[in-house]
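Participant: Every position in the sequence shown, counted from 1, becomes a number in this note's numbering once 53 is added.
Below is the structure I would like to discuss, written out as C-alpha cells.
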Amino acid sequence: MTLRWFWITITILLILVLLPYSWTLVFAFVTALLLERVVGFFGRSFKMNRLWSVLLSFLLYIGALSGIVYILVSVLIKQVINLSEKSPGLMRDLYYSALLPFIRKWESYSKTLPNEVITSVEDALERGLKSLEMFFQNLIEATVQLATLVPGFLIEFIIYMVSLFLFSLEMPKIKQKLSTYLSKSIYHKFSLVVNDLGQAAVGFLKAQVFLSLITFTMAYLGLWILDVPYTLLLSILIVIVDILPILGTGSVLVPWAVISVMQGNQSLGIGLIVLFAVITIVRRILEPKIFSANMGVSPLAALISLYLGFKVMGFIGLFLGPALVIVYETLKRAGVIRTKSLE
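Here it is, written out as C-alpha cells:
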C-alpha cells in the first residue's frame, strides 16, 4: 500500500512538472474522453469494432471542427475584404465630417483663449495622436507575430489530432492499466471525477453556445432597430469577437459609437452604446445561472470561480476555475474530502 502511494505521488509530481509543456496532449486526452460516448454509441448501434468506431467518430469530429473553422474564417475574410475596400471612403468621410469641422472650430476659438489653455489642448491632442499611432503600430506588430505563430500552431494541431486518435483508440487499455495500479475504491473515485469533468466540459460548451446565441440575437435586433447595413454579418462578427480572449462586444461597439459621434451621427453612437450596455448587463446576469445549470454548480460558485479564474489565470481560468470547483465537489461526494458539519 505504501509503495503504491509512493508511485502515485511520484506520478502526480511528474504530471505537475510536465503539465506546462503538455497542454496539447492534455487537451487531446480530454477530447478523447468526451468522444468516448460517441465511440461507444457507434460500437453498440452498428456492431463496429473499436477501430472503426474510433475512426468514424474521429472523422465526424474533424468534419464538425472544419465546418466551424471554415464558417468563422470565411466570415472574417469577407469582413476584412469589405472593410479594406471601404476604408479609404470611411477615412475620407471621417476627415471631412468630423476632423475638419473640429479643426476649423478650434482655429476660431483659439484666438480668444489664453496661451496656456491653447498649449494644454495642443499637448493633449498630440498625446492622443501618439497613442493612436502607437495603437495601430501595436496592432500591426501583433498581426505579424500572429502570422509567425501559424507554422507552430499547425504542428501543434497535427500533434493534437494524432494524439486524439491514438488516445481514443487506446482508451480501454488506458482504463485497464489504471484499474490495475489503483484499488477498486480509488479507481471508482477517479472515474467519478473524470465523468463529472467530462459532463462539465460538455455543459460549458452548451453554456457558451447558448450565451453566444443570446449575444447574436441582441446584437442583430439592436443593429436592425438602428437600421445598420450588413446586420447579419456584423452580428456574427460581434459574437466571434465576444468569444475571443480579452476582447468583447465593447471592442467593436464602443469605437464604432465614438466614430459615429465624430461623424455627427449622434443617434447611432448613442444607440450603439445602449446596445453595448444591454448586451453586457444581460450577459453578466445570465452567465452565472447558465453555467450553473449546465455545469452542476451553484450560481454563486459559478460566478466566483469564473471571476477568480479569469483574474488569476486569464482566459484559461474561465475553464480551470469552474473545473476546480467541480473537482472539489466530486471529491467531496466521493468521500475523498471530508467536511465537518457546522451543526
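Glycine included, each C-beta is placed from N, C-alpha and C at the ideal position.
Does DSSP put glutamate 396 in a helix, a strand or coil?
Facilitator: Against the sequence shown, residue 396 aligns to sequence position 343. In this prediction, glutamate 396 scores a pLDDT of 46, lower than 50, which makes its location untrustworthy; the coordinate-derived value is nonetheless stated afterwards. DSSP places glutamate 396 in coil when its eight states are reduced to three.
Participant: Does the Cβ-Cβ distance between valine 331 and leucine 87 come in under 9 Å?
Facilitator: Within the sequence shown, residue 331 is the residue found at index 278, counting from 1. Within the sequence shown, residue 87 is the residue found at index 34, counting from 1. Against a cut-off of 9 Å, the Cβ pair of leucine 87 and valine 331 comes out as no contact.
Participant: Taking C-alpha atoms, which residue in Val292, Gly275, Asp280 lies nearest to leucine 266?
Facilitator: The residue labelled residue 266 in the question sits at position 213 within the sequence shown. Per the Cα distances, Val292.
Participant: Would you mind sorting aspartate 249 into buried or exposed? The rule is 16 or more other CB atoms within 10 Å of its CB.
Facilitator: Start at 1 with the first residue of the sequence shown, and residue 249 comes out as number 196. By the neighbour-count rule (16 or more Cβ atoms within 10 Å), aspartate 249 is buried.
Participant: So methionine 315 is in the alpha helix (DSSP H); what residue range does that whole segment cover?
Facilitator: Position 262 of the sequence shown, counting from 1, holds the residue named residue 315. That run of the alpha helix (DSSP H) goes 303-315.
Participant: If you check the beta carbons only, do valine 290 and valine 305 fall under 9 Å apart?
Facilitator: Position 237 of the sequence shown, counted from the first residue, corresponds to residue 290. Position 252 of the sequence shown, counted from the first residue, corresponds to residue 305. Before going further, note that residue 290 is leucine rather than valine in the sequence given. In this structure, valine 305 lies closer than 9 Å to leucine 290 by Cβ.
Participant: For the alpha helix (DSSP H) containing glycine 405, name the first residue and the last one.
Facilitator: Only positions 54 to 396 of the chain appear in the structure, and residue 405 is not among them; the question remains open.
Participant: For leucine 276, count neighbouring Cβ atoms within 10 angstroms of its own Cβ and tell me buried if that reaches 16, exposed if not.
Facilitator: On the sequence shown, position 223 is the one that residue 276 refers to. So leucine 276 counts as buried.
Participant: Whose C-beta lies closer than 7 Å to the C-beta of isoleucine 212 among residues of the same chain, with five residues either side of it excluded?
Facilitator: Start at 1 with the first residue of the sequence shown, and residue 212 comes out as number 159. Taken in chain order, the residues that qualify are Thr77.
Participant: Considering only residues of the same chain and omitting the five flanking positions on each side of leucine 43, which have a CB-CB separation below 7 Å?
Facilitator: The structure shown has nothing for residue 43, since the chain only spans 54 to 396.
Participant: Just the Cα atoms here: how many angstroms apart are valine 91 and valine 262?
Facilitator: Stepping through the sequence shown from its first residue, residue 91 is reached at position 38. Stepping through the sequence shown from its first residue, residue 262 is reached at position 209. Those two C-alpha atoms are separated by around 20 Å.
Participant: Note the first and the last residue of the continuous alpha helix (DSSP H) segment covering leucine 72.
Facilitator: Counting from one through the sequence shown, the residue named residue 72 turns up at place 19. No alpha helix (DSSP H) contains leucine 72, which DSSP labels as neither H nor E.
Participant: Please report the distance separating the alpha-carbon of arginine 337 from that of glycine 116.
Facilitator: Taking the sequence shown and counting its residues from 1, one reaches residue 337 at position 284. Taking the sequence shown and counting its residues from 1, one reaches residue 116 at position 63. Looking at the two C-alpha atoms, the distance is approximately 33 Å.
Participant: Just reading off the alpha helix (DSSP H) that valine 294 is part of, what are its end residues?
Facilitator: Numbered from its first residue, the sequence shown carries residue 294 at position 241. Residues 284-296.
Participant: If I measure Cβ to Cβ from glutamate 209 and keep anything under 6 Å in the same chain, skipping five residues before and after, which residues do I get?
Facilitator: For this step, residue 209 is matched to residue 156 along the sequence shown. The answer, listed in chain order, is Thr77.
Participant: Am I right that phenylalanine 344 and proline 375 are in contact with their C-beta atoms under 8 Å? What's the rounded C-beta distance?
Facilitator: Position 291 of the sequence shown holds residue 344. Position 322 of the sequence shown holds residue 375. Contact holds; Cβ gap of about 7 Å.
Participant: What would DSSP say about serine 236, mapped onto helix, strand or coil?
Facilitator: Sequence index remark: in the sequence shown, residue 236 carries index 183 (1-based). If DSSP states are grouped into helix, strand and coil, serine 236 belongs with coil.
Participant: Exposed or buried, which one is glutamate 396 when buried takes at least 16 other CB atoms within 10 Å?
Facilitator: Taking the sequence shown and counting its residues from 1, one reaches residue 396 at position 343. Residue placement at glutamate 396 is poorly supported in this model, since its pLDDT is 46, which falls under 50; the coordinates still yield a value, given next. Exposed is the call here.
Participant: Within the same chain, show all residues whose beta-carbon is closer than 8 Å to that of tyrosine 273, passing over the 5 residues directly before and after it, in chain order.
Facilitator: As a working mapping, residue 273 is identified with position 220 in the sequence shown. Excluding sequence neighbours, tyrosine 273 sits near Thr284, Leu285, Ser288.
Participant: CB phenylalanine 218 to CB isoleucine 227, shorter than 9 Å?
Facilitator: For the purposes of this step, residue 218 is taken as residue 165 along the sequence shown, with counting starting at 1. For the purposes of this step, residue 227 is taken as residue 174 along the sequence shown, with counting starting at 1. The Cβ-Cβ distance between phenylalanine 218 and isoleucine 227 does not fall below 9 Å.
Participant: Report the rounded CA-to-CA distance for glycine 301 versus leucine 109, giving the unit in angstroms.
Facilitator: For this step, residue 301 is matched to residue 248 along the sequence shown. For this step, residue 109 is matched to residue 56 along the sequence shown. If I take the Cα positions, the gap works out to 36 Å.
Participant: Roughly how many angstroms lie between the CA atoms of leucine 112 and alanine 355, to the nearest whole one?
Facilitator: Working through the sequence shown from its first residue, we reach residue 112 at position 59. Working through the sequence shown from its first residue, we reach residue 355 at position 302. Answer to the nearest angstrom: the Cα atoms are 34 Å apart.
Participant: Would you kindly work out how many angstroms separate the C-alpha atoms of glycine 397 and glutamine 319, rounded to a whole number?
Facilitator: Residue 397 lies beyond the residue range present for the chain, which begins at 54 and ends at 396; the question has no answer from this structure.
Participant: Please determine, among Phe257, Gln198, Val122, Arg180, the residue with the shortest C-alpha to C-alpha distance to glycine 370.
Facilitator: Residue mapping note: residue 370 aligns to position 317 of the sequence shown, counting from 1. Of Phe257, Gln198, Val122, Arg180, the residue nearest in Cα terms is Phe257.
Participant: Please report the distance separating the alpha-carbon of glycine 324 from that of lysine 259.
Facilitator: The residue labelled residue 324 in the question sits at position 271 within the sequence shown. The residue labelled residue 259 in the question sits at position 206 within the sequence shown. One alpha carbon belongs to glycine 324, the other to lysine 259, and they sit about 30 Å apart.
Participant: Taking Cβ positions, are glycine 93 and serine 75 nearer each other than 9 Å?
Facilitator: Here residue 93 refers to the residue found at position 40 when the sequence shown is read from its first residue. Here residue 75 refers to the residue found at position 22 when the sequence shown is read from its first residue. No, they are not a contact pair.
Participant: Can you grab the Cα-Cα spacing for the pair aspartate 176 / glutamate 169, in whole Å?
Facilitator: Here residue 176 refers to the residue found at position 123 when the sequence shown is read from its first residue. Here residue 169 refers to the residue found at position 116 when the sequence shown is read from its first residue. Straight-line Cα distance between these residues: approximately 11 Å.
Participant: Suppose contacts are defined by Cβ-Cβ distances below 9 Å. Is methionine 271 in contact with valine 311 by that definition?
Facilitator: Residue numbering aside, residue 271 sits at position 218 when the sequence shown is read from its first letter. Residue numbering aside, residue 311 sits at position 258 when the sequence shown is read from its first letter. No, the Cβ-Cβ distance between methionine 271 and valine 311 is not below 9 Å.
Participant: Which ranges does the alpha helix (DSSP H) cover as unbroken runs of at least 4 residues, wholly within the region 318-362, from first to last along the chain?
Facilitator: 319-348
Participant: How about leucine 361 and proline 341: do their beta carbons lie closer than 9 Å?
Facilitator: As a working note, residue 361 is residue 308 in the sequence shown. As a working note, residue 341 is residue 288 in the sequence shown. Not closer than 9 Å, so no.
Participant: Measure how close the beta-carbons of leucine 222 and arginine 103 come, nearest whole angstrom, since I'm counting them as under 8 Å.
Facilitator: Position 169 of the sequence shown holds residue 222. Position 50 of the sequence shown holds residue 103. Confirmed, Cβ separation roughly 7 Å.
Participant: Any idea if arginine 119 is buried or exposed, counting beta-carbon neighbours within 10 angstroms, 16 or more meaning buried?
Facilitator: Here residue 119 is taken as the residue at index 66 of the sequence shown, counted from 1. The residue asked about is misnamed: residue 119 is serine in this sequence, not arginine. That one is exposed.
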